[in-house]
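Written out below as C-alpha cells is the structure these notes cover.
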Amino acid sequence: MVVDTEKDLASGNPTGLWSWITTVDHKRIGLLYGASALIFFFVAGLEALLLRLQLTTPNGTILSADAYNQLFTMHGLTMLLVVVMPVAAAFMNYFIPLHIGARDVAFPRANAFSYWLFLFSVVMLLSSFLLGGAPDGGWFGYAPLSTQLEEFVRMDYYAIGAQLLGIASITASANFIATVFTMRAPGMTLMRMPVFTWMAVVVSFLLIFSLPIFGVGLFQMFFDRNFGGQFFGGTGDPLLWQHLFWLFGHPEVYVLVLPAMGIVSEIFPTFSRKPLFGYPFVVFSGIAIGFMGFGVWAHHMYTAGLGPVAEAGFGVATMMIAVPTGVKIFNWIGTMWGGKVKFTLPMMFAIGFVSLFVIGGLSGVLHSVVPSDYQQHDSYFVVAHFHYVLFGGGVFGYVAGAYYWYPKWTGRMLDEKLGQWHFWLMLLGFNLTFAPMHILGLNGMARRTYRYPEGLGWEFWNQVATVGSFIIGISFLFFAWNLIKSRKDGRVAGNDPWDGRTLEWSISSPPPVHNFDEIPVVQHVDDFWYRKYATDDEGRAVRIPDVTGGTIAAETDTGGEDAHEEDMHMPSPSYYPVVSAFGIVFMGYGLVYLPGGWVAVGIGTLITMWGVFGWSLEPVTRDADHD
Amino acid sequence: MVFVIVQTAIIYVIIRFRARKGDDTEPVQSHGNTKLEILWTIIPVVILASIGYPIVKGIFDIRAIADGPDVLQVQVTGHQWWWEFEYIDLTDETGRTLVTANELVIPEDVEVNLTMTSADVIHSFWVPILAGKRDVVPNRVSNMTLIADSATPPDAPHPGQCAEYCGLAHADIRLKVHVRTQADFDAWVDGQLTPAAIPTTETEASGYETFNITCAACHNATVAEDGGTTDLGPVRAIEVDGVTFISSLAPNLTNFGERTTFGAGTFDNTAEHLAEWLADPSSIKPMRPELNDIPEGRILGMPNFNLSSDEISNLIALLEGWD
Chain A
-19 MVVDTEKDLA SGNPTGLWSW ITTVDHKRIG LLYGASALIF FFVAGLEALL LRLQLTTPNG
41 TILSADAYNQ LFTMHGLTML LVVVMPVAAA FMNYFIPLHI GARDVAFPRA NAFSYWLFLF
101 SVVMLLSSFL LGGAPDGGWF GYAPLSTQLE EFVRMDYYAI GAQLLGIASI TASANFIATV
161 FTMRAPGMTL MRMPVFTWMA VVVSFLLIFS LPIFGVGLFQ MFFDRNFGGQ FFGGTGDPLL
221 WQHLFWLFGH PEVYVLVLPA MGIVSEIFPT FSRKPLFGYP FVVFSGIAIG FMGFGVWAHH
281 MYTAGLGPVA EAGFGVATMM IAVPTGVKIF NWIGTMWGGK VKFTLPMMFA IGFVSLFVIG
341 GLSGVLHSVV PSDYQQHDSY FVVAHFHYVL FGGGVFGYVA GAYYWYPKWT GRMLDEKLGQ
401 WHFWLMLLGF NLTFAPMHIL GLNGMARRTY RYPEGLGWEF WNQVATVGSF IIGISFLFFA
461 WNLIKSRKDG RVAGNDPWDG RTLEWSISSP PPVHNFDEIP VVQHVDDFWY RKYATDDEGR
521 AVRIPDVTGG TIAAETDTGG EDAHEEDMHM PSPSYYPVVS AFGIVFMGYG LVYLPGGWVA
581 VGIGTLITMW GVFGWSLEPV TRDADHD
Chain B
4 MVFVIVQTAI IYVIIRFRAR KGDDTEPVQS HGNTKLEILW TIIPVVILAS IGYPIVKGIF
64 DIRAIADGPD VLQVQVTGHQ WWWEFEYIDL TDETGRTLVT ANELVIPEDV EVNLTMTSAD
124 VIHSFWVPIL AGKRDVVPNR VSNMTLIADS ATPPDAPHPG QCAEYCGLAH ADIRLKVHVR
184 TQADFDAWVD GQLTPAAIPT TETEASGYET FNITCAACHN ATVAEDGGTT DLGPVRAIEV
244 DGVTFISSLA PNLTNFGERT TFGAGTFDNT AEHLAEWLAD PSSIKPMRPE LNDIPEGRIL
304 GMPNFNLSSD EISNLIALLE GWD
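For the record, the sequence lines run as chains A and B. The first sequence begins at -19 in the numbering used here and counts up one residue at a time. The second sequence begins at 4 in the numbering used here and counts up one residue at a time.
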C-alpha cells in the first residue's frame, strides 16, 4: 500500500520508501502487514489453483508428484502462517491502540522488528522454491518423514522458517499484551474494551503459550536432521512430534479464527444499530475457547493409536468446544434480533462468516465422534471441514473487516458494485469448491494424494471443485482491483462513515500519526456511540443533537489533564529493527546450509548484534535529546 | 438439523429486522439476557452429552483387539511405498510363513486381526469399505480388526489407500482386499505355500537368470527345488515391542502372476504395464531409487536397471508364470 502524499503531509507524516522501512508507527506497520499478507494470499491462492488443476481429472499430469507435494505443503504453510496470522496482526496493529485510546503500541520498535522478521522469514521460505525445492513434508511436518531425507534442505527450510516466523509472532504477541494491559485510556476498563481487542488479547496469550512448544519441536527436528538427534526418528518416538506439533497446531486454529470472530462482533452491532447482545458472554466464551483449545490437541491423532481412554477423553472435550462457539453465534443472532439490519458489504461478509462457520463447526462435531473420525481422518472430508472453518470462517471475517475499516485506513469507501461482485462470486465459488469435498471424503478420497485412479466416482465432484476454485480466484481479482481503485476514486468517507461505536471512528480517516489529539476518557462499552446517542424511555436510541460525530475530541470535556500535541512523545523512526531482523534471517539461511553455512551464521550474528546494540543505544523519542 | 435451525434463524432475523426505507426510528438498545444465555449454553451441553455415551462405547468396541482360535492373524509392515503382509499362523512343512504384498486375501465372515508396524515413516492402513483407518507407526505396534460379512458390499476386491502422508509416492501406496469363501481361501493358501518349480522353458529360464542376478538383490520369491523350497532373495525381519515383523527390501514376488495389480495396487497386472515398469519404474510411479542404501535397509523405490527388451519380455514370462 502506497502513501497518499497530500494526506500524509497534511497529517505531518514523513513520506517515501525510507520512511516506511524505518517506520515504528503501529498504523503503518499494520498496513505493511496487511499489504504483505494480501500479496502472499495471492501466492497461496496460485498454489491452490495449481493443485486443483492437477486434480481435475484422474491421473492428472499437470504437476509431478514432487511438485504437488511441495505445493500442498507450501499452500498450508503460506495460508496459515503467512496470510491469515499476519492479516490478523494487521488488524491488531492498526486497531488495538485506536480501540483502547492509545497513541501507539507499548514497544513500537519491537513492533517493527516483528514485521520485518516476518517478512524476511517469508521471503526465505518462498525462496526455497528456487533453491533446491520447497518443504515437502506437509505443513504438519510429521516425523520421521520430515527428518528422513537429510540429502535435501527442504525440511530445514521448514524447521528454520517456521521457527523464525514463530519468534516474530511471539514478539508481536508480547507487545499486544503489554499494550492492552498498560496503555488503556482512562476509564477503559477491560470489560469496556471492544470485543475485537479482547479477542486479540486471547490470541496473543494463545500464541505465547503455544508457539514455544512448536519451537522446541522444530529445534528437535533440526537436531534430528543435522546433528544425528534421535528425538523422533531412529530409536525415538514419532508420536512425540505429533503431540508437540498439535499442542501448538490446535490453539493455532483458534489463533486464526478468534480475531475474525472479534471483527464480526464489531460489525454486527454497528449495522444492527444495537449494542452487542450479551457482551460479557461473548468475551468469556472467547476466553473459554482459548482455554479449551489447549485441551483437545489429540483429536488430530485419533488414528495414531493413543488408546481408547485418551481417545474418549479428547473426543468429549472436543465436543464441548462447540458450546462456547454456539454461545457466540446465538449472541450474534441476538444482536441482529430487533435491530435495524443494514446490508452493507461488511455486514454481508459477516453474515457469510456466521453461516459458513456453522457448517464447518458442525462437521467439526462429527470429527469429535471418534469412531466416525476413523473414516473421515485424512480424507477430503477434513479438507472440506477446515476450509469451511478457516476460509468460510476466517477469510470471510477478515474480508468483512477490510470492507469495514478500509475507510479508516484510506479516508475513502470501497466501491459498492465491485464489492457485491466480490461477495457473491466468493460465496458461490467457495461452496462449489469445498462442499463437494465432503462427498469426496466420505467416498474414500484421501488427502495429499497427487493423483487418483479412474472409476471410483470422484471425477465429477473434483471437476466442480476446480471450477469453484477459479471462481474464488476471480472474486479476489475484484477485491484487489477495488482496493487499488478506491484509494483514488472512492467516495470520501469522513471520520465516521458507518455511524460507528468504537473510538477509532472518533478521529480522522486516516488517523493522524499520534492518533488522538487528546486521550479520551471512557465511560461505556462502545463509548463513541454514547457520545452520539442517548436512550429514551422505551430504550430506543436518540441522537444527541449538538454532537456531530467525528470532531468529538475537541468538544467533549474528556481529556483535560492530558498531554497536548506539543509535548507528545512519539517514537522516532529507526532502522535498527530492520537490521536485527535481517541478521537473524541471514543466520537462518546459514543454518539451512550446514556445515558450510556456519560462516553465514557468524555474519548474521554480527549483523544482529549491530542491530541490537544500535537499537538499545539510540534515543527512543523524536525529541528525547532536548529533554 | 442444527444447521437448518441456525440458518433459519439467521435468515428470519435478516429479513424481519432489515432496515426499511423511510423508517428512521432507532431500535431498542437491549444489552443481553442472562436467562437466554444460560439456556443456549445448557441445551447444547445436553445434546452433546447425549451423543457422548454411544461415542465412548463405540471407541472401546472398535479398539478391542480380536483374539481367539477363530481369528486370522495377519502382520502388516508399511513401507515407502508398498504394503507387506505375513500370515503368521499359515506355514508350510518347513515352517515358512505365507508372505505376500499389496493384495490382502481374507476369508469371509472371519475376524482378521492386523498387527501393524512401519519400516520407515508413518503410514495409515485404510480400506474404507471394511473399516476406519489406523496409523502404522515405526517403533510402535498397532492393531485393527477387519471383517467382511453380510453387511459388506460384495464387489471385492475392495480398494484401499495409505491415508497418512508418507512422502513422494503417497498417492500410489494403495492396496486391494480380496474376500474369498473359506474353501477358496484354503485353496489360495495351499497355492501360496506350494511355490512354482524352477522353470525349464527357454524364455522363462532366461528370465529366471535375470531375476537371480538383478531382482533377487531385493525381491524374495520362493521356488520349489530338490523336493524342498528355496528363497531366492533376502529375508529380513525387524523387532518392535517384542513382536517380530517381516520387513523385506521389496515386495515378495512368489505367485506374483495371480495378483491383479502391482506397484502397490497402482497398475493392473498386465504384460504391457509390466513392460513399462521394468523399462523405467520411476517414469510411471514417482520414487527416489537414487537415494537407496541397501546395507542400511533404506529403499526408496526400484531403480532403472536398463534391462534390454529381451530381458524384459523374458522376465515378464517368468513372473506371469508364477501363479
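Note that CB positions come from ideal geometry on N, CA and C, so glycine has one too.
### Message
Considering Cα atoms alone, identify which of D46(A), G10(A), P192(A), D5(A) is closest to H173(B).
### Response
D46(A)
### Task
State yes or no: is the C-beta of V493(A) within less than 8 Å of the C-beta of R392(A)?
no
### Query
So what does Y90(B) bridge to, in DSSP terms?
V77(B), L101(B)
### Task
Assign G346(B) to buried or exposed, taking buried as 16 or more other Cβ atoms, counted over all protein chains shown, within 10 Å of its Cβ.
Any question about residue 346(B) goes unanswered here, given that chain B covers just 4 to 326.
### Task
Could you tell me the distance, in whole angstroms, from the CA atom of V447(A) to the CA atom of L457(A)?
16 Å
### Query
Roughly how far, in whole angstroms, is the beta-carbon of S618(A) from the beta-carbon of L29(A), given that I think they are within contact range, below 8 Å?
Residue coverage of chain A in this structure runs from -19 to 607, which leaves residue 618(A) outside it and unanswerable.
### Task
Give a yes or no on contact between the stretch 130 to 144 of chain B and the stretch 388 to 406 of chain A, applying the rule of three or more CB pairs nearer than 8 Å.
no
### Message
For a test of the three-state rule: what should DSSP assign to Q222(A), helix, strand or coil?
### Response
helix
### Task
Report the option in T53(A), A268(A), R134(A) whose CA atom is closest to the CA atom of V182(A).
A268(A)
### Task
Keeping to the same chain, check which residues put their C-beta closer than 6 Å to that of E323(B); ignore five residues upstream and five downstream.
G260
### Spatial distance of E89(B) from P575(A) (CA atoms)
43 Å
### Query
Near Y234(A), what residues of its chain come up, given a Cβ to Cβ distance below 7 Å and the 5 sequence neighbours on each side ignored?
L186, I269, G270, G273
### Message
Check this for me: beta carbons of Y569(A) and V133(A), under 8 Å apart or not?
### Response
no
### Query
Residues of chain A with CB under 7 Å from I68(B), in chain order?
Within chain A, no residue comes near I68(B); the closest Cβ sits about 11 Å away, beyond 7 Å.
### Query
Between which two residues does the alpha helix (DSSP H) carrying L12(A) extend?
6 to 35
### Message
Quick check on the DSSP output: what are the complete alpha helix (DSSP H) runs of length 4 or more inside the stretch 153 to 232 of chain A, in order along the chain?
### Response
175 to 206
#### Entry: Contact between the stretch 275 to 286 of chain B and the stretch 203 to 214 of chain B (3+ Cβ pairs under 8 Å)
no
### Task
Within 10 angstroms of the Cβ of G287(A), are there 16 or more other Cβ atoms? Answer buried if so, exposed if not.
exposed
### Task
Note down, in chain order, every chain B residue with its Cβ under 7 Å from the Cβ of L106(A).
Within chain B, no residue comes near L106(A); the closest Cβ sits about 21 Å away, beyond 7 Å.
### Task
Give the DSSP-derived three-state secondary structure of I319(B) in the structure shown.
helix
### Task
Go ahead and pull the three-state DSSP assignment for N146(B).
strand
### Message
Which residue wins for smallest C-alpha separation from V16(B), given the options G480(A), V103(A), F71(A), S335(A)?
### Response
S335(A)
### Query
Taking just the CA atoms, how far does W478(A) sit from G529(A)?
Only weak support is given to the placement of G529(A): the predicted model assigns it a pLDDT of 49, under 50, and the question is left unresolved by the model.
### Task
Check whether the Cβ atoms of P30(B) and G258(A) sit closer than 8 Å, and answer yes or no.
no
### Message
Nearest by alpha-carbon distance to S251(B): which of T263(B), G236(B), F188(B), T264(B) is it?
### Response
G236(B)
### Message
Taking its Cβ as the centre, do 16 or more other Cβ atoms sit within 10 Å of A67(B), making it buried, or is it exposed?
### Response
exposed
### Query
Is A68(A) closer than 8 Å to P239(A) when the C-beta atoms are compared?
yes
### Query
By a C-beta neighbour count over all protein chains shown, 10 Å radius and 16 as the cutoff for buried, is A309(B) buried or exposed?
The sequence given here has Asn at residue 309(B), not Ala. With fewer than 16 other Cβ atoms within 10 Å, it is exposed.
### Message
So with CB distances below 7 Å, who are the chain A contacts of P306(B)?
### Response
Those within 7 Å of P306(B) in chain A number zero; the least Cβ separation is about 16 Å.
### Task
With DSSP as the reference, label D566(A) as helix, strand or coil.
Here the sequence assigns Phe to residue 566(A), which means Asp is not the residue at that position. In the structure shown, F566(A) sits in a helix (DSSP, three-state: H, G or I).
### Task
Tell me, please, whether the CB atom of F337(A) is closer than 8 Å to any CB atom in chain B?
no
### Query
Which chain A residues are close to P157(B), counting only those with a beta carbon under 9 Å from its beta carbon?
Correct list: empty, because the minimum Cβ distance to chain A is about 17 Å.
### Query
With C-beta atoms as the reference, is F87(A) less than 8 Å away from A165(A)?
no
### Query
If we call anything under 8 Å between Cβ atoms a contact, is T118(B) one with Q78(B)?
yes
### Task
Check whether the stretch 186 to 206 of chain A touches the stretch 517 to 524 of chain A, taking contact to mean three or more Cβ pairs, one atom from each stretch, closer than 8 Å.
no
### Query
Do you know offhand how far T103(B)'s Cα is from H222(B)'s?
11 Å
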